[in-house]
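Novice: One structure coming up, written as structure tokens, with questions to follow.
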Amino acid sequence: MSKFLKKSIWVFHLNTGSCNACDIEILDVLTPYFDAERFGVKLVASPRHADALLMTGPVTLEALPKVINAIEATPRPRILIAMGSCSVGGGIWHDTYSTIGGVRELLKILKEREIEVDHVYYIPGCPIRPEAIIYAIGLIKGLVEKKISSKVKKAVRRTSG
Amino acid sequence: MIEHIVVSIIVVLSIIFPTILDGVERKIKARIHSRIGPPILQSWYDIIKLFGKEQVMPRNSLHAVMLLILLTITQVFLIVYTSVSIIFQITQFDIVVIIALFIILQTIFISIPLTIPNTFSVLGGSREIALTLVNEALFIVIMGFFIYYTGITSFKQLTQLSPTVYLLILLLALFITGYVSSGRIPFDIAEAEPELASGLMIEFSGPILGVFLLTFHIRRFFVKFFPSILFLGLFIHTPISLIIAGFITTIILWIIYAVIAAILGRSRVDLAPITLLKIYLVLIALSIIGYYLKV
Amino acid sequence: MGKLGFIKILVIAGEAGRVTRRYPFKPETLVSEDFRGRIEFDETKCIGCGACVNACPPNALELVDKGDGTLLLKYFIGRCIFCWRCIDVCPTGAITGTRDFELATNDVSDLYEVVVHERAECSECGGKYSTIRQKEYVVEAVPITESYIDKCPDCRKNKLLRALERRRGGVYE
Amino acid sequence: MDISPILKNYKKIVESIGKSSFTHVGDTIYIIVEPNKLRELAEILYWKMNCYHRTCVGVDERPLNGHFALYHIFGDDTNGLHIVVKVYIDPEDPVVPSITDIVPAADWCELEAYDLLGIKFSGRKLYRLVLPPTWPHGVYPLRKETPYNYRPSVKIISGEEIGESHDKAVVPVGPYHPALHEPEYFELYVEGERVVDVKYRGFHVHRGIEKLGESRTTYQQVNFLAERICGICGFEHSVCYALAVEKAAKIDVPERAQYIRSIVLEIERIHSHLLWIGVAAHVLGYDTGFMHIWRIRELVMYIAEKLTGSRKTYGINLIGGVRKDINEEKKKEVIEKLEIVEKDLKKLIDTMVSVPELKKRLTGTGILPKSEARKLSVVGPTARGSGLDRDIRRDLPYAAYSEISFKVPVYSEGDNLARFLVRVEEVFESISIVKQLLDQLPRGDIMAESIEIPERKMGVAAVEAPRGEDVHFIITGRGKPYRWKVRAPTYNNIPALKVMLRDQALADAPLTIASIDPCFSCTDRIVVIKDGRRYKLIPNKGGVVLYG
């Protein structure tokens, strides 16, 4: 990512059928206590102006074509930020009939249609709290270290044999 | 020699500085919102970033792009011409030339969104027309009165002026047209975000959007700079001090306008032109009365 | 003030001051000690019973039988709704809640946490069942004969049925 | 209140209809009528008895009695009664008379039953409302034979194919529009800057959890599911679901838990209304107001986290009680913070209404006359702004609302300003309610001791959410609900937008749309959970099988 892209990330809010909790937290991040604008983040009204798409929700079938259109309309380099449990892993609706189950399925569909996404970020949370969004912005800008990593733990048996 | 240096500095600054002032405005707004706000150079970061983005051409938008380039060139030319003509008189009719250029600029500005086949863009354009019909038309009328009262058509002649009440009233009206032309709340109905999704610039992206924003900032600078010079010309009679004072006044005005914009709400397309028309007509009438009473 | 009352907003803004929290530059957040964040597994306590898997509303916790004698308790943070129902139901207190919300990543595989359990082997048929840790937990909790718990549920059932058959026939070994 | 004369009156009405049955449990009346008598009864209930229409529910009862069933739920708010009218529908040819010409409020729920269950309604136009246009015909997700995780192959079609118009005179508001924050699609037909007609294509947030329960969700898990119907007023849904189940199963919830529920419900109302006031200011271009309202709201969010453990989707509600207790220290902190909120908010609201543009644009725009409001059975602040005096908290008290006193603000102008003022007053009322509740908080348990939920019982519960009344209807099953129907408040309010937007300036359209505080994720959910058992027929005793 170029230096100036990191300094000025314009985001378009792409609700793909979320419950609103993440969406109002996104708005909340712009308000005085958190103030995402100090990182150069600005909410824009058209995907044509956007650098990053804040995706919330598990992608419902009804919203899918519109989501693809919005992603296609975003000029490259484009960043897709999956926000909240629904978006990252499908959440509580990960296998219902009218959703496709989150960003991973969406990326597969995008790949089929040869629409490229340059960077993908994942922010789990239900809902994502504003600090988590700030942390993610920090991660994109390189201000903070990534803290989470996959863990494999082995259960310890007490007795042998 | 010093004049050349000053004029070059002012020309360069009047292209670079508006975008920084936009950053200042965002910072002030943030303060009124009780938050920290972006760095002062943020608007420049935005524009530089936009130049690095992919250019997605909107459908059937060749006209729009050409008009935009024309707009940018004219705008830059206008600001350079204004700065230079304050110090070196270019023609006898510098002020008239500037008015004419500004009107051409406004015409290009309102025709850009109309050439883009997007509902919001067209709506934004037609709103801009409604506003222009009152604001820029009255700008010409006010400047007409100014020239009629004083008989001056170039900045060089400003030295002959002395402050009178009717001129000050006229200049107040001119400052208001400047405020409206700068597209601030409550008169940003053309790009009203919640209604029109950024209205006239909805389809632009990447470098084109960057150019548009840059031009827009210069335009905001110009509409404050020009009335400031006319106003200060009543008091300051040396060109170099006038241009420097004009520059500083513009910055102060920018800050005042930013505060005003932050504490008001957005007007509506059927309310704004009528409200403005009332204000302008009252101010012009007052100045006419003042002119005949010689105050 | 009357018509110019709206200017008072400047006073309000002045009184409020700048309220912005400096996070992430300084650890100033609004996170209270009651916040429910990521959960953590204590692999020394987890017995792989699956109570948390049953309670989890979004299936963020799953038990996966690898087929090679291990049973995986998979926690996918990307689907977790942070309700902490698993903590309520865990019989051994192996799951603890944290205040951790710094979970953003650019790689979805970072969001998996796995506890690997060894499956118990049936002393009779050699089939895999439950986990060794769960077996140990039951033995600790209830004084029960090793030989009974050593068999898989199927063998246990068969043994019972055989015993019943024998009893009905009145023949004792 | 002596309820029996009213009950007698209802009984008389039902008997006059002819072949029908009448039962009464608690605050709910169950009536079963012949399909051909439905319209007659609906007219009497809706217009003569002055009942509101809450919703209608289609149920696939073929495994139980071989029929489809349709339940129309009416509400008599003045007497605090739910009235459930049931008709049986032939499974081979599922046709039932439509009542939309008598009860306009029933329009959408009939279409929903048509979409999801294939129940046809005679005497009205039927079209697809809830399911996406790509959904295969003849597959009804709510029928038993359709598995819960059935997914049609993904086919992407363009806007033209589903008849989205690209006419110049149409202003598309949505699906991604900065005023909405949710993917919904309004087509505003304009002449110049005037709106002449509105078309709504919604249900982008239809996540359909219909058959989810078949495989995984149990009674207690549904609480968390209900909470995610809507992220803003989720706790209301969760409580409403719990109340419905508790009513059906006759579970006694400890008093302290009732109080805690009420406290959190009111905290949620405060945050939701503040959010709305802020968004309204933003829509009107008054960003400073938006920022300061949200600054004040942050304290409320902090309180919510303190009391529940999460800023939103609180996750503390279970059937039978709550999970988290309130101690003295928290009590003190909440009251302290609320006092700051009250003080700051008063000052800010005074300043906000003196902004000239704000006042000019709120007054006289988006008018919903009382008669139209009544016809469409609108709810919540939208109803109270149009002079309909209805509030479930007062009319059918639940949780701890019967223990405290509060005022219900009603304005008769029906414009955006009226709805704005209703919400502002409600915030202050809610702050006083929370203080009262915290003062009187009784000691005791927060969870019922034993929770046993019998099968095939019916429960209807209503909760006054920030946007209006939530209605949850439940039929219990084994280990999980057999049928769960949710009626969100926005569901009743969206049809009113047609009236409100017509002949308005386009510039006011986003504000007017926002003025009902639409919550599309509530509206679109159709969260229904069904029991997993397959076709076990239960003998139909004399054509009348009643749950409850």
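Residue numbers (numbering that gives the first Met the number 0), protein chains in the order written: chain A, 0 to 160; chain B, 0 to 294; chain C, 0 to 172; chain D, 0 to 547.
Glycine is no exception: its CB is placed at the ideal position from the N, C-alpha and C atoms.
Can the beta-carbon of P252(D) be found less than 8 Å from the beta-carbon of N316(D)?
Specialist: By one-based count along the fourth sequence, residue 252(D) stands at place 253. By one-based count along the fourth sequence, residue 316(D) stands at place 317. Residue 252(D) is actually Val in this sequence, not Pro. Against a cut-off of 8 Å, the Cβ pair of N316(D) and V252(D) comes out as no contact.
Novice: By Cβ distance, which residues of its chain are closer than 8 Å to I146(B), with the 5 residues on each side in sequence left out?
Specialist: Working through the second sequence from its first residue, we reach residue 146(B) at position 147. Once the five neighbours on either side are set aside, the close Cβ partners of I146(B) are I94, V95 and T152.
Novice: Among the candidates K73(C), P57(C), D87(C) and K134(C), whose CA atom is the shortest distance from the CA of R118(C)?
Specialist: Taking the third sequence and counting its residues from 1, one reaches residue 118(C) at position 119. Answer by Cα proximity: K134(C).
Novice: Go ahead and label S17(A) buried or exposed: buried means 16 or more other beta carbons lie within 10 angstroms of its beta carbon, across all protein chains shown.
Specialist: For this step, residue 17(A) is matched to residue 18 along the first sequence. Per the 10 Å Cβ criterion, buried.
Novice: Between the Cα of A154(A) and the Cα atoms of R98(C), K73(C) and E101(C), which residue gives the shortest distance?
Specialist: Taking the first sequence and counting its residues from 1, one reaches residue 154(A) at position 155. Here the closest residue by C-alpha is K73(C).
Novice: Under 7 Å between beta-carbons, which chain C residues line up against V89(A)? List them in chain order, please.
Specialist: Within the first sequence, the letter at position 90 stands for residue 89(A). Correcting the residue type first, residue 89(A) is Gly in the shown sequence and not Val. By Cβ distance, chain C contributes R78.
Novice: Could you confirm whether any beta carbon from chain D is found closer than 8 Å to the beta carbon of I8(A)?
Specialist: The residue you call residue 8(A) lines up with position 9 of the first sequence. Not one chain D Cβ lies under 8 Å of I8(A).
Novice: S121(D) lies in the beta strand (DSSP E); which residues open and close that run?
Specialist: Locating residue 121(D) in the fourth sequence gives position 122, counting from the first residue. Where S121(D) is concerned, the enclosing beta strand (DSSP E) stretches over K119 to S121.
Novice: Note the first and the last residue of the continuous alpha helix (DSSP H) segment covering Y134(A).
Specialist: Here residue 134(A) refers to the residue found at position 135 of the first sequence. Looking at the DSSP string, the run of the alpha helix (DSSP H) that includes Y134(A) is P129 to K140.
Novice: How is the alpha helix (DSSP H) around Y120(A) delimited, first residue to last?
Specialist: Within the first sequence, numbered from 1, the residue matching residue 120(A) stands at position 121. Here Y120(A) belongs to no alpha helix (DSSP H); instead the beta strand (DSSP E) covers H118 to I122.
Novice: Mind listing the chain B neighbours of R156(A)? Cutoff is C-beta to C-beta under 8 Å, in chain order.
Specialist: As a working mapping, residue 156(A) is identified with position 157 in the first sequence. Neighbours of R156(A) on chain B: none; closest Cβ ~54 Å, over 8 Å.
Novice: So what does K484(D) bridge to, in DSSP terms?
Specialist: As a working mapping, residue 484(D) is identified with position 485 in the fourth sequence. DSSP output for K484(D) lists F472(D) as bridge partner(s).
Novice: Measuring only the C-alpha atoms, how far is I28(D) from A398(D)?
Specialist: On the fourth sequence, position 29 is the one that residue 28(D) refers to. On the fourth sequence, position 399 is the one that residue 398(D) refers to. Their backbone Cα atoms lie some 21 Å apart in a straight line.
Novice: Among the candidates G478(D), G65(D) and N49(D), whose CA atom is the shortest distance from the CA of T77(D)?
Specialist: Here the question's residue 77(D) lines up with position 78 in the fourth sequence. Minimum Cα distance to T77(D) is reached at N49(D).
Novice: What does DSSP give as the partner residues of E117(C) in its beta bridges?
Specialist: Working through the third sequence from its first residue, we reach residue 117(C) at position 118. Paired residue(s): T69(C).
Novice: At a CB distance below 9 Å, what residues from the stretch 148-167 of chain C approach chain A? Give them in sequence order.
Specialist: Hits within the stretch: zero.
Novice: By the criterion of Cβ-Cβ separation under 8 Å, what are the contact partners of F3(A) in chain F?
Specialist: This model lacks chain F altogether; the protein chains it does include are A, B, C and D.
Novice: Along the chain, which unbroken stretches of the beta strand (DSSP E) at least 3 residues long are found entirely within the stretch 13-63 of chain C?
Specialist: Segments of the beta strand (DSSP E) lying fully in the stretch 13-63 of chain C: 38-40.
Novice: Let me know the secondary structure DSSP gives G288(D) once reduced to three states.
Specialist: In the fourth sequence, counting from the first residue as 1, residue 288(D) sits at position 289. Helix at G288(D).
Novice: Since E130(A) and P37(B) are thought to touch, with beta carbons under 8 Å apart, how far apart are those beta carbons, to the nearest angstrom?
Specialist: Taking the first residue of the first sequence as position 1, residue 130(A) is located at position 131. Taking the first residue of the second sequence as position 1, residue 37(B) is located at position 38. Contact doesn't hold; Cβ gap of about 19 Å is too wide.
Novice: Going by Cα to Cα distance, which pick from A506(D), Q257(D), Y481(D) and A104(D) is closest to I493(D)?
Specialist: For the purposes of this step, residue 493(D) is taken as residue 494 along the fourth sequence, with counting starting at 1. Selected option, being the one with the closest Cα: A104(D).
Novice: For the beta strand (DSSP E) containing N49(D), name the first residue and the last one.
Specialist: For the purposes of this step, residue 49(D) is taken as the residue at position 50 of the fourth sequence. That residue, N49(D), is in no beta strand (DSSP E); it is neither H nor E in DSSP.
Novice: Just checking: is the beta-carbon of K7(C) within a distance shorter than 8 Å of some beta-carbon in chain D?
Specialist: Residue numbering aside, residue 7(C) sits at position 8 when the third sequence is read from its first letter. Interface residue, yes.
Novice: In whole angstroms, what is the alpha-carbon distance linking V321(D) and L60(C)?
Specialist: Taking the fourth sequence and counting its residues from 1, one reaches residue 321(D) at position 322. Taking the third sequence and counting its residues from 1, one reaches residue 60(C) at position 61. Going by the C-alpha atoms only, they are around 23 Å apart.
Novice: I'd like to know whether the C-beta of E194(B) is nearer than 8 Å to at least one C-beta of chain D.
Specialist: By one-based count along the second sequence, residue 194(B) stands at place 195. Summary for E194(B): the model assigns pLDDT 47, below 50, so the residue's position carries little reliability, and this model does not support an answer.
Novice: Could you tell me which chain D residues have their CB closer than 8 Å to the CB of R128(A), listed as they occur along the chain?
Specialist: By one-based count along the first sequence, residue 128(A) stands at place 129. Here the neighbours are R310.
Novice: Which chain B residues sit within Cβ distance under 7 Å of K359(D)?
Specialist: Locating residue 359(D) in the fourth sequence gives position 360, where the first residue counts as 1. By Cβ distance, chain B contributes L270.
Novice: In chain A, what lies closer than 9 Å to G36(B) by C-beta?
Specialist: Position 37 of the second sequence holds residue 36(B). Correct list: D34, E36 and R37.
Novice: With three or more C-beta pairs closer than 8 Å as the rule, is the stretch 69-89 of chain B touching the stretch 128-142 of chain B?
Specialist: No, they do not touch.
Novice: Mind checking if R219(B) is an interface residue toward chain D, Cβ cutoff 8 Å exclusive?
Specialist: Residue 219(B) sits at position 220 when you count from the first residue of the second sequence. It does not: the Cβ of R219(B) has no partner Cβ on chain D nearer than 8 Å.
Novice: In chain D, what lies closer than 8 Å to S33(B) by C-beta?
Specialist: The residue given as residue 33(B) occupies position 34 in the second sequence. In chain order: M290, H291 and R294.
Novice: Taking the alpha carbon of G68(C) as the reference point, which residue from V107(C), C82(C), E120(C) and W83(C) has its own alpha carbon closest?
Specialist: Mapped onto the third sequence, residue 68(C) falls at position 69. For G68(C), the nearest C-alpha among the options comes from E120(C).
Novice: To test your reading of the DSSP string, which unbroken alpha helix (DSSP H) runs of 4 or more residues are found completely within the stretch 33-114 of chain D?
Specialist: Entirely contained in the stretch 33-114 of chain D, the alpha helix (DSSP H) runs reaching 4 residues are, in chain order, 37-42 and 61-64.
Novice: Considering only C-alpha positions, which residue in the set F186(B), I243(B) and S286(B) is nearest to V6(B)?
Specialist: Here the question's residue 6(B) lines up with position 7 in the second sequence. Closest by alpha carbon: I243(B).
Novice: Ends of the beta strand (DSSP E) at F21(D)?
Specialist: Numbered from its first residue, the fourth sequence carries residue 21(D) at position 22. Residues S19 to V24.
Novice: Which of helix, strand or coil does DSSP assign to R260(D)?
Specialist: What you label residue 260(D) is simply residue 261 of the fourth sequence in a count that begins at 1. R260(D): helix per DSSP, three-state reduction.
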